[in-house]
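Its first residue numbered 1298, the sequence shown is counted upward by one per residue in this note's numbering.
Notes to accompany the following structure.
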Amino acid sequence: MPVVRSLALLSRLIHAGTHPEDDEDLRLRLSLLNLASLLFGPASLLWLLVAHQFDPGFSAIRGSLVPILILLNYALFPVHRRFALYRGSQLGLMLLFPLLSLLGLPPTPATSGLALWAVIAPACALLTVGNPASNLWFVGFLGLTALSAHLGPQAGSPMFTALHVALVSGVLYPLLRFALRQRGKTRARLAAAHRQLRREQERSERLLLNILPAPIAARLKEQSGTIADGHPEVVVMFADIVNYTRIASDMPPKKVFELLNRIFCRFDELTEERGLERIKTIGDGYMVAGGLNAHPHEPHAAAASLAIAMQSTLRDPAITDGLELELRIGIASGPVVAGVVGRGKFIYDLWGDTVNLAYRLCTEGEPSAIQCDGHMFERLRNTFVFAKPLLLFLKGKGYVPVYRLRSPRIFAVSPAARRRAPEAA
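Here's what the structure looks like:
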């Protein structure tokens, strides 16, 4: 369509000399200077033509040199791309246009209000140079206006005064309108980029929180040094699916992953519900800790409840696809050291004798057994039911008393308490 082609041509003329590598600010300043040049040149030539038609004795040769040089500079800029030289020469020619047009001319109505043209230079400087530097161009405008009035007294002519006002306004208004429009587009792009940046930042933070506990993730963003803390009392639990490797050997790889992912996702939900922290998964093993950072005040009871719920999960055919799966679980409590390991691919991990003991309790346990150390038993003996202690030989530990967790302890309510309950309600 002709209108579309015309707009495309105008856009190419305005953005002549710009490169994709230019930053947003430079592209805007260059586009504004190009537009000012394209408007000033034809508008000033139009005045010279009208003045000559009105007064055949009017000499337009000297004045026409300015718009011709402005258009020539515009055409040459894409070749040399020296923006400072281009900007300075264009603004200087715009500022000198009234003075050069007046030199050698007798008083004539055609020059009435001619000095108004010079205001285009400081206005354009404000848009293309910036606020402080444009002050010098405004001072130059005031000085040359006074000089023009002294050198070339003009005969008053309302018609030519109105013509000058109309032509200068015809340069300034489109220029300012284009500047505001481009600024709006720039703001819209910046806002879109900011929203995209926020989305990426939120996505990165979610990924970080999938790897690290929230307090550790916050510290990692604020500091680059080693992050390691000692904790005097932490509950560590290892869970391992019994014979999962053998069971999975007859399944397609995708099916193996989907089943394990479904089980671990359910474990994650149970862990989060109790305020505990999943530390990592190792193959078909699952490691959880409680008592770190902002974990619950009773991580021992939370870990015991989690272990029982995890055992129940593997009895749900909707989770296991009907497969008969069993868990071995080992739980120990005591001091640990927790910290971030690695640089690019970091993980949050635990070290210490408590971690080793929990792992041994898991690997040496029987299917469907939840084996706890003595610390866990002492903390939970009044609220959970345990089997009689066993002496198990654990590698690196020797014979250790082990307590197998059965279920939460159910407390009987006396008849008197049952009678008082409605009264209290």
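Virtual Cβ for every residue (Gly too), placed ideally from N, Cα, C.
Contact between the segment 1345 to 1363 and the segment 1468 to 1475 is not established, with fewer than three Cβ pairs separated by less than 8 Å. Residues A1412, A1415 of the same chain have their beta carbon placed closer than 7 Å to that of T1442, with the five preceding and five following residues left out of the count.
Shown here, Q1520 sits in coil according to DSSP, grouped into three states, outside any helix or strand. Remark: C-beta atoms of Y1645 and I1513 approach each other more closely than 8 Å. Straight through space, the alpha carbons of M1673 and A1629 are spaced by roughly 6 Å.
T1523 counts as exposed, since fewer than 16 other beta carbons sit within 10 angstroms of its beta carbon. Taking the Cα positions, R1678 is about 22 Å away from Y1656. Judged by DSSP in its simplified three-state form, A1684 adopts coil rather than helix or strand.
In the structure shown, the three-state DSSP call for T1578 is strand. Along the segment 1624 to 1648, the beta strand (DSSP E) occurs as fully enclosed runs of 3 or more residues at 1624 to 1638, 1644 to 1648, listed in sequence order.
The way I'd put it, the segment 1632 to 1639 doesn't touch the segment 1660 to 1673; fewer than three beta-carbon pairs between them come closer than 8 Å. For S1704, the enclosing beta strand (DSSP E) begins and ends at 1695 to 1705. Collapsing the DSSP output to three states places L1345 in a helix. Bounds of any beta strand (DSSP E) do not take in V1539, whose DSSP letter is neither H nor E. Between T1568 and V1585, the CB-CB gap stays under 8 Å. For D1565, the enclosing alpha helix (DSSP H) has its first and last residue at 1550 to 1570. Here F1457 is buried. Its C-beta has 16 or more other C-beta atoms within 10 Å. Rounded to whole angstroms, M1534 and N1653 show a C-alpha spacing of 10 Å. Taking C-beta atoms as the reference points, Y1371 and S1398 fail to come closer than 8 Å. The residues V1532, M1534, G1587, I1628, in chain order, have a CB closer than 6 Å to that of A1600 in the same chain once the five nearest residues on each side in sequence are set aside. Counting C-beta pairs closer than 8 Å gives fewer than three between the segment 1572 to 1581 and the segment 1613 to 1625, which falls short of the contact rule. Check the Cα spacing between T1680 and each of T1405, P1549, E1595: the tightest is with E1595. Look at the segment 1373 to 1446 and you find these whole runs of alpha helix (DSSP H), each 4 residues long or longer: 1380 to 1399, 1417 to 1425. Short of 6 Å from the beta carbon of P1364, and not among the five residues preceding or following it, lie these beta carbons of its own chain, in chain order: G1338, S1341, L1342. About 6 Å separates the CB atoms of L1388 and A1422; that is less than 8 Å, so the two are in contact. When secondary structure is reduced to three states using DSSP, L1332 falls in the helix class. For the options R1503, F1554, G1582, the alpha carbon positioned closest to that of N1540 is the one of G1582.
The DSSP-derived three-state label of G1360 is helix. When C-beta atoms of the segment 1538 to 1555 are compared with those of the segment 1499 to 1510, fewer than three pairs fall below 8 Å, so the two segments do not count as touching.
Per DSSP, reduced to three states, the secondary structure at G1619 is coil, with no helix or strand assignment. Collapsing the DSSP output to three states places D1322 in a helix.
Annotated three-state conformation of A1489 is helix, per DSSP. Within the DSSP secondary-structure output, M1673 pairs in no beta bridge. Membership of H1597 in the alpha helix (DSSP H) is indicated by the continuous run 1596 to 1610. In the DSSP annotation of this structure, the continuous segment of the alpha helix (DSSP H) that includes T1660 starts and ends at 1650 to 1660. Look at E1502 here: in three-state DSSP terms it is helix.
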